[in-house]
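Residue numbers (my numbering), protein chains in the order written: chain S, 1169 to 1448; chain U, -13 to 277.
Right, here's the structure in full:
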């Protein structure tokens, strides 16, 4: 992130700048507080779960307990399969549809595009009752494809890729065609490579959305074999068996850890992806 | 390629995505509307056409009205504060404050974490007696209070969580927009002797209008579709104090299994979302010409 947008003449100096930094830092600490609190609780024995004594012993016992208290290995696998399935299908379907909208003139294109954009307003999250009925009709209740299907044709992905494909110079397209490439070869050799940053941005947004998604998986799954992490965590945390807060905190951190590490490693890409995805 | 081939090719490329959209967006939206005029099939009674019955029972359903009212309060509580905070965060992070990469990361982190996970952490935070909030307040001699367990405070607690989760997300869009404002504008304003506040009010803020609209629409939609934290923290309670519209739909549809009444409720939600989309369109057409 460069300082190009910096309002240089209005940059604060001296006391003003110190004050601004202090306020920004205060808010940042406040923002991280719930997370730090969870970290403290998860890494200390239960009796220290809300007593902040620096000499409290560190332990991994809570994580061990959480891991054995519920089939988290299976939940991790389910989430991994789910996220991979959704993303790969989304990439293929959205690429094809976006290519059609960007470079083909066909009857009913405007209407079809309006029908796609409708999904930005009527998201699958809201149509839970009818989608559940469709899934039971298809026999897909309590399966991973059942969780994935409503999200595969993503209006957002189609829109984003269409914008990108439209900005590809026509000359490149024509040049490839002169060399005898068919429409699909042109798509694969010209458009897809040029859209790489957009694909990365979309992938990060999609993965973090579906890793975190909860309501629809909660409704459509009811067994260990299909449940993703979020639902598994909720089932685990809401059983009234007097599970310690420290164990719940450990489970909570465990389920968010892959995304959190991914975020810390690829911070710049993450932030820029969300930015890119948001600018229309 | 000839015209006919173009037509065919275009539609073939579109077909897979369009089929799934039809099956999981267009058809269910239509089916929701149709089902709302029928009765829910019971063990011995098939579904019959009941006209507006579901809607008239909705009018006398006090939980529905409360859910609608709660959702309005939730939206009014979360949206202005999270947008204002997002703007402040973006301006701070955009200025050259010390350690701004770390600060930006702190603001953005809640966005990447699962709502269901962080809601569990906040649940602990609000726990009576040994939750952090109670401990801190007892230091100041405040009386013990069950924050999530009292109808007066439960909704406010949930609003705080939503603000905390969303503000960093919206900050990103403001940050992107701020960085696109040309530095020459600041130089010109400074030459004219404008104060920093005037520069913000007359230059930066108007230029950020399209971003504000985008963020606003997203915030409104989120206020009506995110109920993960409700399921984890309060389950709509106590006494329906935190029941939001979608949560009520979820309860009616999947706890009482009254699917046609849930469909009628969904129609109301869809109408609300359509109104949001329409007002965005009107606003874009009329007011905002900065791009």
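Built from N, CA and C at the ideal position, the CB exists for glycine as well.
Closer than 7 Å to chain S by CB, residue i
i                      : result
residue -4 of chain U  : yes
residue 69 of chain U  : no
residue 182 of chain U : yes
residue 276 of chain U : Since pLDDT at residue 276 of chain U reaches only 46, below the 50 mark, its modelled position is unreliable, and no value is offered.
residue 78 of chain U  : yes
residue 245 of chain U : yes
residue 100 of chain U : yes
residue 18 of chain U  : yes
residue 93 of chain U  : yes
residue 145 of chain U : no
residue 2 of chain U   : yes
residue 216 of chain U : no
residue 59 of chain U  : no
Residue i classed as buried or exposed, judged by whether at least 16 other C-beta atoms fall within 10 angstroms
i                       : result
residue 151 of chain U  : buried
residue 1212 of chain S : buried
residue 1282 of chain S : exposed
residue 75 of chain U   : buried
residue 1305 of chain S : exposed
residue 178 of chain U  : exposed
residue 282 of chain U  : No answer is possible for residue 282 of chain U: it lies beyond the span of chain U, which begins at -13 and ends at 277.
residue 1260 of chain S : exposed
residue 1236 of chain S : exposed
residue 80 of chain U   : buried
residue 21 of chain U   : buried
residue 1173 of chain S : Because the pLDDT at residue 1173 of chain S is just 42, under 50, the model does not fix this residue reliably, and the value given afterwards should be weighed accordingly. Result: buried.
residue 267 of chain U  : exposed
residue 10 of chain U   : buried
residue 1225 of chain S : exposed
residue 85 of chain U   : exposed
residue 1387 of chain S : buried
residue 164 of chain U  : buried
Closest by C-alpha distance to residue i, when choosing among the options
i                       : options                        : result
residue 1357 of chain S : S/1251, S/1365, S/1341, S/1203 : S/1341
residue 256 of chain U  : U/0, U/5, U/9, U/17            : U/17
residue 244 of chain U  : S/1388, S/1272, S/1313, S/1297 : S/1297
residue 254 of chain U  : U/180, U/122, U/57, U/3        : U/57
residue 190 of chain U  : U/-1, U/231, U/61, U/168       : U/168
residue 1427 of chain S : S/1254, S/1328, S/1373         : S/1373
residue 209 of chain U  : U/193, U/187, U/225, U/230     : U/230
residue 263 of chain U  : U/239, U/207, U/113, U/105     : U/207
residue 1382 of chain S : S/1251, S/1329, S/1190, S/1196 : S/1251
beta-carbon residue i near the ligand ATP non-hydrogen atom, thresh 6 Å
i                       : result
residue 1419 of chain S : The ligand ATP is not part of the structure shown, which contains no ligands of any sort.
C-beta neighbour in chain U for residue i, strict 7 Å
i                       : result
residue 1210 of chain S : no
residue 1272 of chain S : yes
residue 1299 of chain S : yes
residue 1281 of chain S : no
residue 1380 of chain S : yes
residue 1126 of chain S : With chain S running from 1169 to 1448 in the structure shown, residue 1126 of chain S is simply not present.
residue 1182 of chain S : no
residue 1431 of chain S : yes
residue 1267 of chain S : yes
residue 1339 of chain S : no
residue 1309 of chain S : no
residue 1336 of chain S : no
residue 1387 of chain S : yes
Within chain S, the residues that residue i reaches when beta carbons sit closer than 8 Å
i                      : result
residue 47 of chain U  : Simply none; closest approach about 17 Å.
residue 107 of chain U : 1202, 1203, 1205, 1206, 1417, 1420
residue 65 of chain U  : What residue 65 of chain U touches in chain S: nothing, since even the nearest Cβ is about 17 Å away.
residue 150 of chain U : 1199, 1202
Residue i: contacting residues in chain U (beta-carbon distance under 8 Å)
i                       : result
residue 1368 of chain S : Correct list: empty, because the minimum Cβ distance to chain U is about 16 Å.
Under 7 Å by beta carbon: chain S residues contacting residue i
i                      : result
residue -7 of chain U  : 1274, 1275
residue 84 of chain U  : 1189
residue 254 of chain U : Those within 7 Å of residue 254 of chain U in chain S number zero; the least Cβ separation is about 11 Å.
Interface residues of chain U facing residue i [CB-CB closer than 9 Å]
i                       : result
residue 1437 of chain S : Neighbours of residue 1437 of chain S on chain U: none; closest Cβ ~12 Å, over 9 Å.
residue 1318 of chain S : 6, 9, 10, 11, 14
Under 7 Å from the C-beta of residue i: neighbouring residues of chain U
i                       : result
residue 1376 of chain S : 98
residue 1424 of chain S : 99, 100, 103
residue 1326 of chain S : 3
Contacts of residue i in chain B (Cβ-Cβ under 7 Å)
i                      : result
residue 263 of chain U : Protein chains in the displayed structure are S and U, and chain B is not among them.
Cross-chain neighbours of residue i in chain S, by beta carbon under 9 Å
i                      : result
residue 235 of chain U : 1294, 1296, 1297
residue 239 of chain U : 1296, 1297, 1300, 1387
For the region 59 to 75 of chain U against the region 1347 to 1367 of chain S, are there 3 or more C-beta pairs whose distance is under 8 Å?
no
Is there contact between the region 25 to 35 of chain U and the region 202 to 219 of chain U, where contact requires at least three CB pairs shorter than 8 Å?
no
For the 8 Å Cβ check, are there 3 or more pairs between the region 199 to 207 of chain U and the region 143 to 161 of chain U?
yes
Does the region 1192 to 1211 of chain S come close enough to the region 1415 to 1427 of chain S that 3 or more CB-CB pairs lie under 8 Å?
yes
Could you tell me whether the region -10 to 6 of chain U touches the region 1267 to 1279 of chain S, where touching means 3 or more Cβ pairs closer than 8 Å?
yes
Determine contact between the region 1314 to 1323 of chain S and the region 1279 to 1295 of chain S, defined as no fewer than three beta-carbon pairs at a distance below 8 Å.
yes
Hey, is the region 1397 to 1409 of chain S in contact with the region 1235 to 1249 of chain S, meaning 3+ C-beta pairs nearer than 8 Å?
yes
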